[in-house]
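Chemist: Residue numbers (my numbering): 927 to 1106. Cβ coordinates follow ideal geometry from the N, Cα and C atoms, glycine included.
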Amino acid sequence: MIRLFAAIALPEGIGAELARRQQGLPGARWRPLEALHITLRFFGEMDEARADDLDAELGAIVLPSVTVVLEGVGSFQDGDDIHAVWAGVAENDGLRRLAARCETAARRAGLAPDRRAWRPHVTLAYLKRAEPRRVAAWIQSHNLLKSPPFVAGDFGLYSSRLGGDGASYTLERTYPLGQA
């Protein structure tokens, strides 16, 4: 079994700028630079045959490259449990179309529809029992984040392995954009 997701990797300069913000929040497990990405679709665990079908479907996506801007920060929480802080992505029709095509590819490969609403972001840190006041202060001090635009000329299929320090990711395939 392999655990897969589709994502856009961040250019090194954009990632480095985010990494400079990864401080000042006690207990945060900051994600390493190589793990910063914009998830297009999390597919979950599957066998190799299904992964091959998914690869073929993702490889058939033909769309133009996408210009992306990161904008703002926020957190994900369940009730009082804040479990992650993230950098947001400015509204982007091209990115939304690409995520929708990844969803279609998943369904064509026989995967169940993703029932969660897609909200593009870059996870910066995972939190455990975070102090809401400290998280709010971190968000307030970084809420004006706005990256320069960058062009995503491809997207990737990544495998994910869970470990004690969080997930580690391996790029399995790259799919070009800019062909439409």
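Which residue marks the beginning of the beta strand (DSSP E) containing Ile940, and which one marks its end?
Modeler: Ile940 -> not in any beta strand (DSSP E); alpha helix (DSSP H) instead, spanning 938-946.
Chemist: Starting from the Cα of Pro990, find the closest Cα among Gly1089, Arg1099, Val1077 and give me that residue.
Modeler: Val1077
Chemist: Can the beta-carbon of Ala1032 be found less than 8 Å from the beta-carbon of Arg967?
Modeler: yes
Chemist: Specify, as a first and last residue, the run of the alpha helix (DSSP H) that Pro1058 falls within.
Modeler: 1058-1068
Chemist: Taking the C-alpha atoms as reference points, what is the distance between Arg1059 and Gly950?
Modeler: 12 Å
Chemist: Residues in its own chain within less than 7 Å of Ala1035 by CB, not counting five upstream and five downstream?
Modeler: Arg976, Asp979, Leu980, Glu983
Chemist: Mind checking whether Leu936 and Val1048 have CB atoms under 8 Å apart?
Modeler: yes
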